[in-house]
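Colleague: Its first residue numbered 1, the sequence shown is counted upward by one per residue in full-length UniProt numbering.
Starting off with a structure, shown below.
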Amino acid sequence: MEKEGIVSSRSDRDLKKKVISPGDFTLVPYEDSRCKIVLSNVTCNSPVGKSEIETESRIFSKDFDGNVLIGDTDYYIDKDFELILQQMCCGEICEASLLYRDHDGALMKEITCRIELKEVTEEQLVSDWSWERLFESATHHKECGVLLVKQKRLTDAFRRFSKALKFLIAIEPIDPEVLKEENIKDIIDLKVKLYNNLAHLQLQYNEYEPALELCNRALQYDPENPKALYRRCTAHIGLQLYEEAWTDIQHALKLDPSDKAALNKANSLRPIIEKINKNYSDVIKKMFG
């Protein structure tokens, strides 16, 4: 039996494991590996005694089926559990500890368990994936991100959208001799949606410059995209680039004159533009009047 080792340590949590029985060191899980595990001896203790693990955790739920796809979880406990799995070898049995603290460093809870990593399905490196598999994975992560936005879990959604975009970028350079025209269109459409979604999340945190860059990228592929124009308008307003914002919202309204959100944005922006124009007119009058 080996001594307990630290898998990961931060001020707010420690992840540790102790090997009970070693496995095959040539076969370890990594991103997108499929693992079959047996979980036992699960306990959760807090300063007041035994407690329940949050229901959001899939791995520690009563319905857990023993299957883990590395990188396909959003809850923090499950993501930490995956970090421990990635430090295990196929066939290994270990005792694991997930300890969490509050902002003052006081213990909040500690989860302990025994993990047996029974199977690891070796996956191809992402660079060796077919474009179909890359596109399918990108679509999956995008759909997961949309659900997380609806749940107001914006940080987790941002991670999903970013991961989806990485899979699409891995398809590049696009070979027109391999992909049909409709396939290329689907890839571009998904990429535009991801740029739009990421821009939306950046705007929620008033990160106007990154949002502007993401909208610009979306509009490079689809210059007539109303969502990208609307969100770039919002980013321009945040950066006090009002004339650029006005141009964007007018473009968006030209595409859809009945868009209520765009109409409201234009109405709120109009007094600022009128003031800018008046000030400019006054300066011209003073110079040449």
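No residue lacks a Cβ here, since even glycine has one placed at the ideal position from N, Cα and C.
What are the residues that DSSP puts in a beta bridge with valine 68?
Modeller: In the DSSP output, where bridge partners are listed per residue, valine 68 has Cys35.
Colleague: Ignore the nearest five residues each way along the sequence and tell me which others in proline 226's own chain have a CB closer than 8 Å to its CB.
Modeller: Once the five neighbours on either side are set aside, the close Cβ partners of proline 226 are Ala252, Leu255, Asp256, Asp259, Ala262.
Colleague: Using a 10 Å radius around the Cβ and a threshold of 16 neighbouring Cβ atoms, would you call arginine 10 buried or exposed?
Modeller: Label assigned to arginine 10: exposed.
Colleague: Beta-carbon within less than 8 Å of isoleucine 6's beta-carbon, same chain only, minus the 5 sequence neighbours each way: which residues are those?
Modeller: Within the same chain, isoleucine 6 has close Cβ partners Asp14, Leu15, Lys16.
Colleague: Report the start-end ranges of each alpha helix (DSSP H) in the UniProt repeat "TPR" (192–225) that is 4 residues or longer and not cut off at the edges.
Modeller: 208–221, all fully within the UniProt repeat "TPR" (192–225).
Colleague: Taking its Cβ as the centre, do 16 or more other Cβ atoms sit within 10 Å of arginine 270, making it buried, or is it exposed?
Modeller: That one is exposed.
Colleague: Would you mind stating whether aspartate 248 and leucine 219 have Cβ atoms separated by less than 7 Å?
Modeller: Contact: no.
Colleague: For leucine 27, which residues from the same chain have a beta carbon less than 6 Å from its beta carbon, with the 5 sequence-adjacent residues on both sides left out?
Modeller: Result list for leucine 27: Cys90, Val120, in chain order.
Colleague: My parser needs the alpha helix (DSSP H) runs of 4 or more residues fully inside the region 65–150; what are they?
Modeller: Taking only runs of at least 4 residues, the alpha helix (DSSP H) segments lying wholly in the region 65–150 are 76–85, 131–150.
Colleague: If you follow the alpha helix (DSSP H) that isoleucine 20 is part of, which residue opens it and which one closes it?
Modeller: Not the alpha helix (DSSP H): isoleucine 20 falls in the beta strand (DSSP E), residues 13–21.
Colleague: Under a Cβ-count criterion, where at least 16 other Cβ atoms within 10 Å of its own Cβ denotes burial, should serine 130 be classed as buried or exposed?
Modeller: Result: exposed.
Colleague: Which of the three DSSP states, helix, strand or coil, is assigned to threonine 55?
Modeller: In the structure shown, threonine 55 sits in coil (DSSP, three-state: anything other than H, G, I, E or B).
Colleague: Compute the beta-carbon to beta-carbon distance between arginine 133 and cysteine 144, rounded to the nearest angstrom, for a pair I have assumed lies under 8 Å.
Modeller: Actually they are not in contact, since the Cβ atoms of arginine 133 and cysteine 144 sit about 17 Å apart, beyond 8 Å.
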